[in-house]
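Trainee:
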Amino acid sequence: MRGTSPTRRAPLLAIYATLVFAFIYLPIVVLILYSFNRDGVGGFPPRQLTLDWYRQLFADGPLWDSVLNSLLVACGAVALSLALGLLAALALDRASFPGKALFRRLVLLPLILPGIITGLSLLMFVVFAGMQLSLLTVFLGHGTALISVATTEIFAGLQKLDRAQEEASLDLGATPWRTFWRITLPNLRLSLIAAGLLIFTLSMDEIAVTFFLLGRDNTLPLEIWARLRRGITPEINAISTLIFAVSVALIIVWYRIRMRSVGSGAQQLLERP
Amino acid sequence: MYSRTYKTIVAAPPLLWVGLFLLLPYTLMFAHSFWAVQDGTLVHHWNLANYQKLFTNPLYAGVLFRTMRIAASVTLCSLLLGYPLAYYLSFHSGTRKELLYQLVIVPLWVSYLVRGYAWKTILGSDGVLNGFLQYFHFTHAPVGFLLYSPFAVVLMLTHIYTPFVFLPIYASIEHIPRSLVEASQDLGAGPAPTFFRVILPLSMPGLLAGATFAFVLSLGDFLAPLLVGGSSGTMIANIVQTLFGASYDWPLGAAISVCILVITLSLLFLTERLEKRWSFK
Amino acid sequence: MSGAANPQAASLDAKGPLLEVRAAAKRFGTRDVLKNISLNIASGEFLTLLGESGSGKTTLLRLIAGFEQPTGGEIWMAGERLDTLPPYRRRVNTVFQNYALFPHLNVRDNVAYGLRAQGALKSDIPGRVDEALRMVKMAEFAGARPATLSGGQQQRVALARALINRPKLLLLDEPLSALDANLRKQMQGELKALQREVGITFLFVTHDQEEAMALSDRIALLRDGTLEQVASPREIYARPATAYTAQFIGQTNLLRGEIRGSIATCGALRWPVEDADGPAVFSLRPEAIRLCTDGTRQISEVKFRASVRQQIYAGASELLEMDCGEGQLLRVRLPACGPMNGEREFVFAIADAIRVEN
């Protein structure tokens, strides 16, 4: 029935919660604020608002090259991990094979392990296989590590799928192949879109694995990273603000989708790391 | 219902891929930890020297100990921030629940780097916080100890992992049937006993999941120390990263990685056990 | 704190009602779930709140338990204002609909929970827990976790847990609805016996009218947040006050018509009444109608002809649906009589046609 609370009012708890929210949002607010500050990143209070840093940002060739690199890698990673994640989820849901338990744990491992472990393992593999470090290896790394995300998300979608629908399709004379394309896949549409968005965001932001697999071309986070090591300017605040804005836009898209598939797997994924 | 062909088609590609690109790399890491470097080249000469070095050189134990301490602090702080927040949202936020929930989620999607960078600009000796303190004459000279310290690492990682810790706790508090809370009150238990005897034990799986997550990810973090930690905030993963970079001693780096991996996996195994004990299905 | 410790309250207890609900109202947002409910419950009584889902019966229970606050009115128990106390200060305990047993505690600790919460003497606890478990025949399951118990067993544990604090009033929120039919019948009997044994006042919520009839001293029928009728099962069945009550409790025929010049006319049926002129509704139970085999009727009876439309066999009795002409259909319950068809003559006593409010 209706939720009741152990105590009706809890003013102290409310103040505490507000402070936690302040702690969570303070850095983000500071970051955005100082991206408009003419005098640089430090100092207080910020004075003389300007858009100069954004102007500088838009004229910054190498930075936009890195954005393009990140987009390439992210799109590739989405395609690769969705395809393999879909198959892995189907296998986990429907097939039984030796080593299934091991397989499930292995697929999810990159999600749970610190990025450096996965990154280094892949680095050793790349060197072992005699490959050159490049955007391709970054793509392979992201694509492989993020199969975990795709699998969890799509597996959750499969759990909600009513098997009777597929049985009905087969019963009505559709081949398994046709049933897969006409029934199974459309039912997983929302999970696939949601997983894709999540993977895209995670890939755009990935540092730990990328750090070890990168060749000559930087992705956006590593370009920022490289600049941070040289010193900080509000231009980095500006690009961070833009990243924040794009993230928020993606979240809104994501929630729109989630509204339609209540209780999606990404939530479970985050709730049960 | 699904034919053998169907099962083979769906299972084979991910199995092969995961075997080649996950199992093999992890195995390679394991193998590297038993190899050696001679005259700047890797030799496949099986030995235990790396592990010997690891356990005898106090430098590694010291850094590992500091790393554990930092990870434990991060875990504790995230729990102290995340648990009351989850409790508040679940029981006291009323109609604003959904909105507040999303407000906690949003920072999860904001780049790790962006959030770390923000702390750097706040804590630096000519950063925002120092500017603020001097502007209001709390201090006259910049406070230097804020940035480049274990404190900064804990602060930054706590900031990053609080929402992560919040999520599973919130989920498990939300899953507690409200009738159990009512039953407790009905039987004469006030708010505090109800919390400690019913809500806390039943939210234990979420608490454990969140804590494991924060601890494990902090344990393997090497970016926060580089960003805000300075030399006094160096963590075990930084040593690994150096060994794989400038120092070029992959076998030793791999050995340390294997240690991190073993600690992580045993923790995961342990908490999985504990979570099962605390879930009463 | 509790009423029993107060001699004045105890004397009130003896004379007045145990629980008084005075003009209680509850509004959720813009929806009035309870409107101006006044209800007294006597000490030792078994009172059932009966109603369809959404009638407000559970809300009323939750007001008394303290999980919701009334938006109007007051609730008193044994001379003490109840609605201002938090749930954990009320000498009222609840058996929840899905039992709400604590999954992380075993049966013994579930039952002991209330004693511990009330700060009972440590040395008293095991004895009282054992006694409570014996009372519900669950002593051998003391160490079990709730998840390993069947529905009926969980039900017993929930009862023991709620009774151990010796409440003045026990609230039961559809406690039998999760059980299958046979077990339900059995538990009804045990519940009634248990109530006699412990002598505690029971306030029982159900949507099942048969259950209400079988268990209660009195039934309070709720409809859309108001009390439709409060009476003993026999009275509420024999003398329903409203058409809604008559239909909700048992089966009935509602005869709609009018009274003019001391004659009631409902379709093809006419009989003398003493009420004033105007439209009228009567309730006539199917079993009040009987077959007229010899063609005669008493002066106090009404005779009519009707043809059989449908016959439903129910073992000891049969339910006939009869067409009296002019589209008027009547249900008639007869002792098992074999297949029937064609036109038949029936009679019913005028006294059995109960005038009800629409």
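Protein chains in written order, with our numbering: chain A, 1 to 273; chain B, 274 to 554; chain C, 555 to 912. A virtual CB, placed ideally from N, CA and C, is assigned to each residue, including glycine.
1. Is there at least one Cβ from chain C nearer than 8 Å to Pro478 of chain B's Cβ?
2. Of all the beta strand (DSSP E) runs that stay within the bounds of the region 777-839 of chain C, which reach a length of 3 or more residues?
3. By the criterion of Cβ-Cβ separation under 7 Å, what are the contact partners of Phe553 of chain B in chain C?
4. Would the beta-carbon of Gly400 of chain B fall within 8 Å of that of Leu420 of chain B?
5. Out of A:Ala194, A:Leu214 and A:Gly215, which one is the CA nearest neighbour of Gly85 of chain A?
6. Counting C-beta neighbours from all protein chains within 10 Å, is the total for Tyr867 of chain C 16 or more, i.e. buried, or is it exposed?
7. Should Pro787 of chain C be labelled buried (16 or more other beta-carbon atoms within 10 Å of its own) or exposed?
8. Could you tell me the alpha carbon to alpha carbon distance between Ala732 of chain C and Gln740 of chain C, rounded to whole angstroms?
9. Rounded to a whole number of angstroms, what is the C-alpha to C-alpha distance between Leu737 of chain C and Gly706 of chain C?
10. Grab me the residues of Asp778 of chain C's own chain with a C-beta within less than 7 Å of its C-beta, minus the 5 sequence neighbours each way, in chain order.
11. Taking Cβ positions, are Leu717 of chain C and Leu757 of chain C nearer each other than 8 Å?
12. My guess is that Leu845 of chain C and Leu888 of chain C are in contact by the Cβ rule of under 8 Å, so how many angstroms apart are they, rounded?
13. To the nearest angstrom, how far is it from the Cα of Ser556 of chain C to the Cα of Arg644 of chain C?
14. Do you know offhand how far Ser276 of chain B's Cα is from Trp177 of chain A's?
15. By the 10 Å Cβ neighbour count, where 16 or more other Cβ atoms means buried, how is Asp678 of chain C classified, buried or exposed?
16. Give me the residue from A:Phe97, A:Gly196 and A:Leu80 with the minimum Cα distance to Ile257 of chain A.
17. Chain B beta carbons: is any one of them nearer than 8 Å to that of Tyr791 of chain C?
18. Assign Leu535 of chain B to one of two classes, buried (16 or more other C-beta atoms within 10 Å of its C-beta) or exposed (fewer than that).
19. Using a Cβ-Cβ cut-off of 6 Å (strictly less than) and excluding sequence neighbours within five positions of Ser366 of chain B, which residues of its own chain qualify?
20. Measuring from the CB of Gly804 of chain C, is there a heavy atom of the ligand COA at a distance below 7 Å?
21. Please name the residue or residues paired with Ser861 of chain C in a DSSP beta bridge.
22. For Gln325 of chain B, which option in B:Arg550, B:Ile533, B:Ala528 and B:Phe553 has the closest C-alpha, if you only look at C-alpha atoms?
23. Listing by chain order, which chain A residues have their CB less than 7 Å from the CB of Tyr299 of chain B?
24. Does the CB of Ala714 of chain C have a neighbour CB from chain B at under 8 Å?
25. To the nearest angstrom, report how far apart Thr175 of chain A and Leu386 of chain B are at their CA atoms.
26. How should Glu486 of chain B be labelled, buried or exposed, when 16 other C-beta atoms within 10 angstroms of its C-beta is the threshold for buried?
27. Pull up the distance between the alpha-carbon of Ala558 of chain C and that of Trp630 of chain C, whole angstroms please.
28. Comparing alpha-carbon positions, which option in B:Tyr390, B:Arg388, B:Gly417 and B:Val379 lies nearest Val248 of chain A?
29. Given this structure, state the Cα-to-Cα distance separating Ala59 of chain A from Ala425 of chain B, to the nearest angstrom.
30. For the 8 Å Cβ check, are there 3 or more pairs between the region 406-414 of chain B and the region 446-465 of chain B?
31. Taking beta-carbon pairs under 9 Å, can you tell me which members of the region 458-469 of chain B lie near chain C?
32. I'd like to check one pair, Leu808 of chain C with Lys611 of chain C: are the Cβ atoms closer than 8 Å?
33. Using Cβ-Cβ distances below 9 Å, what residues of the region 625-642 of chain C are close to chain B?
34. Less than 8 Å between the beta carbons of Leu745 of chain C and Ala714 of chain C, yes or no?
35. According to DSSP, simplified to helix, strand and coil, what is Met1 of chain A?
36. Which one of A:Gln56, A:Leu80 and A:Thr144 has the shortest CA to CA distance from Val107 of chain A?
Mentor: For this structure:
1. no
2. 780-785, 807-814, 817-820, 823-826 and 832-838
3. Pro657, His658, Arg699 and Ala701
4. yes
5. A:Ala194
6. exposed
7. buried
8. 14 Å
9. 7 Å
10. Ser609
11. no
12. 6 Å
13. Any answer about Ser556 of chain C is weak, because its pLDDT of 38 lies below 50 and its placement is not dependable; what the coordinates show is given next. Rounded to whole angstroms, Ser556 of chain C to Arg644 of chain C spans 8 Å at the Cα level.
14. 11 Å
15. exposed
16. A:Gly196
17. no
18. The sequence given here has Val at residue 535 of chain B, not Leu. By the 10 Å Cβ count, Val535 of chain B comes out exposed.
19. Leu373
20. With respect to small molecules bound, the structure shown includes none, and the ligand COA cannot be examined in it.
21. C:Asp877 and C:Glu897
22. B:Ala528
23. Ser121
24. no
25. 49 Å
26. Note that residue 486 of chain B is Phe in the sequence shown here, rather than Glu. Under this definition Phe486 of chain B is a buried residue.
27. Because Ala558 of chain C sits at a pLDDT of 37, beneath the cut-off of 50, its placement in the model cannot be relied upon, and the point is left open.
28. B:Val379
29. 33 Å
30. no
31. Gln458, Asp459, Leu460, Gly461, Ala462, Gly463, Pro464, Pro466 and Thr467
32. no
33. Pro640, Pro641 and Tyr642
34. no
35. Here the model assigns Met1 of chain A a pLDDT of 35, short of 50, so the residue's position is not dependable, and the following value carries that caveat. Met1 of chain A: coil per DSSP, three-state reduction.
36. A:Thr144
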